[in-house]
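Report on the structure given below.
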């Protein structure tokens, strides 16, 4: 795919220096177009010509200076910053890599195989934007990522394409002025502005036509007219596209309008403009060739006779205005098929709103199809990655099987005097293998079961066309002759691509997008009715799904025939619809799915993704590939557990891709993951790939398992799960401690409803009524109680009228207090707390206490008797537990077992599952000592900090300190003065000196304490890492 928008590139090429460009062209042609030199290059091995290539192209043609010449900006063998690997070459800016160059010999035909290696070098060089790869004949140029690139055949390069190469690679444009990147940014902005403008015009056209045909054709119902409006716009879009791509006569829309006006003006023949357009629709269906017209019958079903559509009346002025407006866009250089894809996806967001309005159903304006049905536009870098790793992997495996991989071919072929030689026997065998591979390629089947506007189908089409062209080049290189099938694109559409969507509009748009991508002058459009269909991918019962009931075997009989039937590849972005939707139709279908016994993985409040996963995996053939981009709740939510277990038990999960700080779906609150699996038994290993900030910046974690029994959902689906390799026994925290939230301090609903609120009971100072020290979750910090309030106590209403008063012994003696978010501290002073605080009490400390809540907790959460949990807890010290509970590993572990989306937010049930190593009291002592040290240091820190802030407040009579001053020890004294000035306080120079000395002394003390806290905290972490047996790699993962 092209890096630059055509009009943007055209603008930049105007400003290339003509004289330098001509000199560079002559130098380039003299070398790279010399047949003898070409033969010598072909005969050279990679290492033989690498340095020569850099000289011949980058130094001689594009003006770089190569090391060791002084002031060089081109070097060879540049080492990565982060490891010992080296890139073949690099263009340097101020001594740093600005572009990396990776070179291969001419035995490498497919440069896409070099992408991963080259971008690995790029990602190891800070501030490197460009990647250049070449096999000496072909060269690819990338900016920032591998999604789009410019490719040049150096041996066949035209003058016109050389200008683009010069713009991309010359010293002035690339290294000095960074123009290619600027042009790419301009292209993105231009595409966004064109998309917005064109969509507004397109939407206005659709809305005006719909209103007009309702007015002029009242005999037809609104829903029918709405669908015909969309079909009419699809026809016009094809014409707009085709007239600029010269599939039709240029400026055809203007020609049609001119002809219509002449009929009326010159010949007094009164017909509507729509009648004139219908004539041309007919020409596009059946063809028209005479002295006035030369229109090919493209057909494909789009222009097939539609009696109802043809019978409609439409206002002339409306058609003139809108068709001329949209025809003014340049669909060749400005409006790409990708832009149309965005517009199609936007359109889908409005379809349901309009349709619901027509049918008289309630519909919230903010709930577009994008949100309601989980329809999100999938970016190209995602569709490319998924297709490359499914269809691409199948192709790679097949070539390996047939002996067509470039590595295997190298063994059978040699180069002599620039010519590939082999014996006739090898030649014939390779010819047969290539034919076998081409035939296999055309039998490959791919399906998107929720195809939307066809993003994945279009990407698969692009990949398969490129693969056929690669085989053509390989055959030409090895055999000497090769032919590209003129009907290739149509054959791919007919044989390889299949899609289903529940929305009729989506199906028609998907077809149109594929037609626009493959349309060629003088070639009929492929009929796609048998490949892309409207239906409910999950339900085949007409009583439930009506006309959209979908029987996969009946709808795609050619795919589901024979023993190993099904699709080779299933990909997509399944809809995300939660169980709590109020859509009556969905509730009905949900009940049917629950009762149908067709699905094995539906569990609790399942999302629609779950049956989509199961159905789409079940339509795979044996050893077929499956890849979905879906909400990450498929890896975190409890409802997905059965699906996870089913996949791990019956399939081979290859990889899961996670995203950190990457907004894949713009403006949508969905964090996605990509799962890739193969329909074969599990091979006990898989990859977690974490994309960090940029898609190409990947952390790859390879996990291996000894037996199938070792493979558990939590180990596989949790992004950063680290399995401890404990050398000691463990007890679960829920078997050691009674874990409960504190009291609910609202009025009891039954006995005191409305008598008081929480705020009525709390005071920030101790009073005659507010006598009991009290904390909420927000009052806690790590190893510290930051603030104590006072709760009304032993009065007529408290605790007797509280909704949930708990029991007093919960707060007596030793306990750990922790918020759902805030970390834990230790207390033995009898402080009470509300339900925002989780209390941890050793069961042994509650021995002999008869409380129903304790008995119920043991029955519900423990597989032990009360006597057993009391005995278990007697081996543990609460401060040992506190040290583990506040450690990085515990937070990491809890984040990986939680069943909700909120990071670092934990419920009592989460804590109950934390394994605590069973150590002797003596072995627990280092943890206890460090926990005591943390409690003491944090108390000292808080006391000194509060003392300084009180002094500051009282000295300057401040009712409220500026927020920034709360962490004064991180500031300079100038910052303190600025904050005081905001409060209209200005100090004399004498006072400044006094206060600066006081400030610096307190800051020094607090920073020293802060450093001690950090050191002690790290000591605890290291002890815990060692205790749980983490490797260095796992420790790094936990710290991240």
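Numbering (this note's numbering), first residue to last: 71 to 1110. Think of the CB as a built atom: it goes at the ideal place given N, C-alpha and C, for glycine as much as any other residue.
Residues bridged to residue i (per DSSP)
i: residue 136; result: 144
i: residue 75; result: Answer is none; residue 75 lacks a bridge partner.
i: residue 903; result: 845
i: residue 315; result: DSSP lists no partner for residue 315.
i: residue 945; result: DSSP output for residue 945 lists no bridge partner at all.
i: residue 212; result: 201
i: residue 770; result: 759
i: residue 909; result: 810 and 887
i: residue 987; result: 800
i: residue 619; result: 606
Straight-line Cα distance separating residue j from residue i
i: residue 715; j: residue 671; result: 9 angstroms
i: residue 433; j: residue 652; result: At residue 433, the pLDDT of 46 sits below 50, so the modelled position is not reliable; the number obtained from the coordinates is stated separately. Near 11 angstroms, if we compare the C-alpha coordinates of residue 652 and residue 433.
i: residue 116; j: residue 503; result: 27 angstroms
i: residue 647; j: residue 677; result: 6 angstroms
i: residue 197; j: residue 170; result: 11 angstroms
i: residue 519; j: residue 786; result: 25 angstroms
i: residue 776; j: residue 753; result: 10 angstroms
i: residue 811; j: residue 995; result: 28 angstroms
i: residue 187; j: residue 985; result: 41 angstroms
i: residue 73; j: residue 240; result: 17 angstroms
i: residue 878; j: residue 808; result: 14 angstroms
i: residue 574; j: residue 222; result: 41 angstroms
i: residue 934; j: residue 448; result: 50 angstroms
i: residue 608; j: residue 744; result: 21 angstroms
i: residue 136; j: residue 246; result: 16 angstroms
i: residue 315; j: residue 155; result: 46 angstroms
i: residue 617; j: residue 306; result: 28 angstroms
i: residue 840; j: residue 814; result: 17 angstroms
i: residue 959; j: residue 1095; result: 7 angstroms
i: residue 1046; j: residue 1035; result: 7 angstroms
i: residue 1163; j: residue 788; result: As shown, the chain starts at 71 and ends at 1110. That puts residue 1163 outside it, with no answer to give.
Spatially closest choice to residue i from the options, by CA coordinates
i: residue 704; options: 717, 854 and 913; result: 717
i: residue 701; options: 689, 734, 961 and 110; result: 734
i: residue 524; options: 501, 549 and 569; result: 569
i: residue 824; options: 857, 872, 804 and 810; result: 872
i: residue 172; options: 149, 1102 and 772; result: 149
i: residue 693; options: 720, 146 and 742; result: 720
i: residue 391; options: 992, 279 and 724; result: 279
i: residue 682; options: 230, 1064, 598 and 640; result: 640
i: residue 365; options: 516, 468 and 593; result: 593
i: residue 193; options: 210, 182, 215 and 252; result: 215
i: residue 60; options: 190, 921, 769 and 874; result: Coverage of the chain is limited to positions 71 through 1110, which leaves residue 60 absent and any answer about it impossible.
i: residue 732; options: 761, 755 and 707; result: 761
i: residue 1032; options: 1049, 270, 1058 and 583; result: 1049
i: residue 724; options: 710, 730, 696 and 740; result: 696
i: residue 953; options: 335, 893 and 600; result: 893
Original post:
Between the segment 507-518 and the segment 560-580, are three or more C-beta pairs nearer than 8 angstroms?
Top reply: With the cut-off at 8 angstroms, the segment 507-518 and the segment 560-580 touch.
For the segment 327-339 and the segment 401-413, state whether three or more C-beta atom pairs, one from each stretch, are separated by less than 8 angstroms.
Flag = no, the segment 327-339 and the segment 401-413 do not touch.
Q) Do the segment 851-865 and the segment 906-917 meet, that is, are 3 or more Cβ pairs less than 8 angstroms apart? A) No: fewer than three Cβ pairs fall under 8 angstroms.
- Taking the runs of the beta strand (DSSP E) that are 3 residues or longer, which of them lie wholly in the segment 254-283? You should have found no qualifying run.
Runs of alpha helix (DSSP H) lying entirely within the segment 795-833, each at least 4 residues, in chain order: Qualifying alpha helix (DSSP H) stretches, in chain order: 803-806 and 828-831.
**Report entry** At least three beta-carbon pairs within less than 8 angstroms, the segment 531-543 to the segment 653-664
**Finding:** Look at the beta carbons and you see the segment 531-543 not touching the segment 653-664: under three pairs across the two are nearer than 8 angstroms.
Q) Would you say the segment 383-401 touches the segment 349-361, given that touching needs at least three Cβ pairs under 8 angstroms? A) No, they do not touch.
Stretch-stretch touch, CB-based, cutoff 8 angstroms, three pairs: the segment 83-93 with the segment 228-242: The answer is yes - the segment 228-242 touches the segment 83-93, with three or more Cβ pairs under 8 angstroms.
Point to revise | Any 3 or more C-beta pairs closer than 8 angstroms across the segment 955-973 and the segment 913-926 | key: Contact fails: fewer than three Cβ-Cβ distances are below 8 angstroms.
- Message: Report the start-end ranges of each beta strand (DSSP E) in the segment 508-538 that is 3 residues or longer and not cut off at the edges.
- Response: Segments of the beta strand (DSSP E) lying fully in the segment 508-538: 516-518.
List, from N- to C-terminal side, the alpha helix (DSSP H) runs of 4 residues or more that fit wholly inside the segment 688-748. Annotation: the segment 688-748 contains the following complete segments of the alpha helix (DSSP H) (minimum length 4 residues), in chain order: 703-706 and 711-720.
Counting beta carbon pairs with one atom in the segment 257-271 and one in the segment 373-391, are three or more of them shorter than 8 angstroms? Using a Cβ-Cβ distance cut-off of 8 angstroms, the segment 373-391 and the segment 257-271 are not in contact, since fewer than three pairs of beta carbons, one from each stretch, lie closer than that value.
Inset, instruction - Inspect the CB distances between the segment 763-770 and the segment 942-962 and report whether three or more fall short of 8 angstroms. - result: Taking one beta carbon from each stretch, the segment 763-770 and the segment 942-962 have fewer than 3 pairs nearer than 8 angstroms; the two do not touch.
Subject >> Inter-stretch contact at 8 angstroms, needing at least 3 Cβ pairs: the segment 582-592 / the segment 609-628 >> reply: Judged by Cβ distances under 8 angstroms, the segment 582-592 makes no contact with the segment 609-628, as fewer than three pairs qualify.
If you pair each beta-carbon of the segment 365-380 with each one of the segment 544-557, do three or more pairs fall below 8 angstroms?
-> Remark: fewer than three beta-carbon pairs, one from each stretch, lie closer than 8 angstroms, so the segment 365-380 and the segment 544-557 are not flagged as touching.
Check your understanding: Touch check for the segment 1013-1029 and the segment 1058-1076: three-plus C-beta pairs under 8 angstroms?
Key -> Contact holds: three or more Cβ-Cβ distances are below 8 angstroms.
- Are at least three pairs of beta-carbons, each pair with one atom in the segment 341-352 and one in the segment 400-408, less than 8 angstroms apart? They do not touch, by the three-pair rule.
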